[in-house]
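Since the structure comes first, as structure tokens, the remarks are kept for the end.
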Amino acid sequence: MSLRDHYADYLTQFSESAETQIAHQVSRDGYGTLRGFEIGEDEQGVWAEATVALRGEVVRRWGAEIYKRRNHIITEDGPLDDAAFGADLFSTAVMEDLDTCGRPVG
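Numbering (the numbering used here), first residue to last: 8 to 113.
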């Protein structure tokens, strides 16, 4: 049985929460539109990937019209975080990338 099959309920909860949060936040903040949200599995475990079609100022700062974020969410030992918290972390990472891209640090 694959990890995706074994953790199907977890992945449903994670996906619904993360996808909703990211779609709302990127639209609200004027960064663009969530174009894809995928769950994939390889020999290292299960991954979540969000793809955002960027618009406006963030395109210039990011240097591209497409942003992708991929995080490892389940290892052979199980999920790294509970589903709700993991979804919050993933969506926060996306927004931090977009909020800070191309801006001087410090």
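Glycine included, C-beta positions come from ideal geometry on N, C-alpha and C. None of these values were measured; they are calculated from a predicted model.
Measuring CA to CA, which of the options is closest to residue i?
i, options, result
"L10", "C108, L61 and G52", "G52"
"C108", "E45, E64, W69 and T27", "W69"
Where residue i and residue j are concerned, what is the direct C-alpha to C-alpha distance, given to the nearest angstrom?
i, j, result
"F97", "D104", "11 Å"
"Q20", "A91", "7 Å"
"P86", "T99", "18 Å"
"L41", "E23", "13 Å"
"R35", "D12", "34 Å"
"D84", "N78", "16 Å"
"D106", "D89", "25 Å"
"E125", "V101", "In this structure the chain extends from 8 to 113, so residue 125 is not present and cannot be described."
Please report the Cβ distance between residue i and residue j, rounded to the nearest whole angstrom; I am assuming they are in contact, meaning their Cβ atoms lie under 8 Å.
i, j, result
"G47", "T58", "At roughly 12 Å, the Cβ-Cβ gap does not stay under 8 Å, so G47 and T58 are not in contact."
"A55", "A25", "6 Å"
Using a threshold of 9 Å, state whether the C-beta atoms of residue i and residue j are closer than that.
i, j, result
"R62", "Y38", "yes"
"D95", "Q32", "no"
"A60", "E50", "no"
With DSSP run on the structure shown, which of helix, strand or coil describes residue i?
i, result
"A57", "strand"
"Y6", "Because the chain here runs from 8 to 113, residue 6 falls outside it and cannot be looked at."
"G39", "strand"
"R122", "There is simply no residue 122 to check, as the chain begins at 8 and stops at 113 in what is shown."
"R62", "coil"
"G52", "strand"
"E83", "coil"
"E23", "helix"
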